[in-house]
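Reading through the C-alpha cells given below for one structure.
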Amino acid sequence: MQHRAGRARRALVPRPDDGRPRPAQHQGAHAVRRRAAHLPGRLPGARRPQVAAHRGARPAARSRDRARGRADPRLRDDRVADRAAARVGSRAVSGNQAVRIRRAPDGLPAPDDFELVTEAVPEPGDGEVLFRARYMSVDPAMRRYLPAPAGAPHPLGGTAAVGDVVVAGPPPPTSGYTGGCVGEVLVSRHPAWRAGDLVQGGSRWQTHHVVPGDSLVAVPEGGELLHELGVLGQPGFVAWWGVRRVAAVKPGETFVVSAAGGAIGMVAGQLARAAGARVVGVASGEKARYVTEVLGFDACVDRHDEPVADALDRLCPDGIDVYFDNVGADTARACFDRLRDFGRYVVCGMAGEYNAREAETGPPLRPVLRKRLRIEGYVIYDHYDEFPAFRSEVSALLAAGDLRYRYDVRPGLASAPDALARLLQGRNEGKVVVDLEADA
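Numbering (UniProt numbering), first residue to last: 1 to 440.
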C-alpha cells in the first residue's frame, strides 16, 4: 500500500502475551504498572478497574472546568481500560493521529487490518471549523463500513477502501446527531463557533477534524461529554425511538431485548420497564447480572449458560409481545418463534451478523400472517425532528436517578480496533468510547 510522504506510521501488532494490539514502539511494562496503580476502583489482582456508571446529570461547574482547560477528576474516574494493553494516546504525539485501513478484514477485524498514522493537522476553510476530539464513539455498525476481502460478498456493503481512514458512520442528512466525537474547537472560520467551544461532530477515526460549521452541535452548558455519545446521544435516541415510537410498549406486555447490556439495550430495557412492561434481557456473564441487579430488568437470559430458546421457554412461558433486536442471528430466530399474536419485532441492529460472509435469510412469512405480526426496521437519521422530545424525556429520567447507564472507556486512538473487535464479540461492559487524550 502506498503511503504519503512525511506520514509517520505505527503498525498495530499483536502482543505476544495477550494477543491484543499495541504500537510497534511501546512503553515498558513498569510504566504501565505504575499508572495502573493510580486508577480508581482497581482491586488487588483485578485485570480492569470498575466500569464507569452514570446516574443523573453532572454539575455545570464541571463543564465550565473543561471549557477552561482544567481536567475534570470525575472524568478521570470514568476511564476503564486494560492497562496491560496500554497504547499511545493523542497527547504523546504531535499532529493528527488517524487509524487507516491496512487491509480488508476477513471476519472479525484484527489488529493487522489497521495502522496508526500521524499526519499534518488539516486547515479549515471558509465556513469550516477545526476541532480536536476528546472522546470517540465505537459502535457495532462501524463494521459495516469496512471493505470486504476481494471476491467475498459483503451482506451490508462497505463504504471505505483500503488506505482510507476508518469511517465512524455516514453524515446524517438532517441536523441533530452529527458525528461520533466530542471535543474542543481549535480554529473557527464560521461565525457560530469560536476557539474553546465544546462540540460534537466528525465521522472518522482521527484526533483532529475539519468539518462544516453548520454540521456541529454544541455540548449543552453543564453537559457531560460522555453522555453526548451515549445515553443522551445517538444510542439513547435509537433506543427511545424503538421503544416509544416503533414498539409503542404497553403496560403488562412482555418485552425482550438482545444485547441488553450494550449501549442501546440498557436504555431500551429501562424505558420499556418505565412503560409498565415486564422486561427480559439477553446478554452474557456479568452483563446479565448487571441488567437485573442494577438496571432493574425482571430477568435476563445468560446466553453462555443455556440455549436462548430454552431460557425463553422458562422465562416467557406465555410468549413475547415485543422483541427489540440488536443482534440478529440465532437469538433473533428464537425470539421470533415465541412472539404472541399481534407481536412486534423491532429491527434495530444485527451485530451478530456484521462479520458474516452471507446475509441471513430472515424469518419465515407464514407466522407473520397467521399471528398478525408487525416487523419494522428503522434508521434513526430519518427521525431527528423528534430528537428534542427524546432529549427532554431522557434528561429528566437521568436527573431524577430513574435511568442508569455505564461506559467502557478505552485509552488512546490505537485502542480503537481492539475496542471494535471486543464489542463485536460481546466482551464490552457498557457503551464503548475511546478516550483520545488518555495517557496510555
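Glycine included, every Cβ here is placed at the ideal spot set by N, Cα and C.
Here Glu115 carries a strand assignment [DSSP, helix/strand/coil].
Separation of Tyr381 and Gly179 (C-alpha to C-alpha, rounded to the nearest whole angstrom) is 12 Å.
Taking Gly163 as reference, the option from Glu115, Thr292, Val182, Asp337 with the minimal CA-CA separation is Glu115. Residue pairing by DSSP places Ser137 opposite Val433 in a beta bridge. Shown here, Cys348 sits in coil according to DSSP, grouped into three states, outside any helix or strand. Relative to Asp214, the option among Glu221, Thr207, Val231, His190 whose CA is nearest is His190.
Between Val279 and Val433, the alpha-carbon positions lie close to 26 Å from each other.
A direct Cα-Cα distance of roughly 15 Å separates Leu146 from Leu423. Straight-line spacing of the CA atoms in Asn326 and Ser395 works out to 23 Å.
Linking Leu108 to Ala421 through their CA atoms gives a straight-line distance of about 6 Å. In this structure, Leu403 places its C-beta atom within 8 Å of the C-beta atom of Gln270. Under DSSP, His209 takes part in a beta bridge, and its partners are Phe131. Within its own chain, the residues whose Cβ lies closer than 6 Å to the Cβ of Arg344, once the five positions on either side in sequence are excluded, are Ala247, Val322, Arg374, listed in chain order. The straight-line gap separating the alpha-carbon atoms of Ala309 and Thr331 is approximately 8 Å. Looking from the CA of Arg103, the closest CA among Val129, Met142, Val121, Ala150 belongs to Ala150. Beyond the five residues adjoining it in sequence on each side, His383 comes within less than 6 Å, by CB distance, of Trp241 in the same chain, given in chain order. Segment contact: the region 333 to 342 against the region 310 to 319, three or more CB-CB distances shorter than 8 Å; contact assigned. Secondary structure at Tyr378: coil, using DSSP grouped into helix, strand and coil. In the three-state reduction of the DSSP assignment, Arg338 falls in the coil class. Of the candidates Asp305, Asp126, Gly296, Asp126 places its Cα closest to the Cα of Val187. Bridge partners of Phe255 according to DSSP: Val279, Val322. Annotation for Asn428: Asp408, Arg422 place their beta carbon closer than 6 Å to its own, counting only its chain and skipping 5 residues before and after. Beta-bridge partners assigned by DSSP to Leu198: Glu184.
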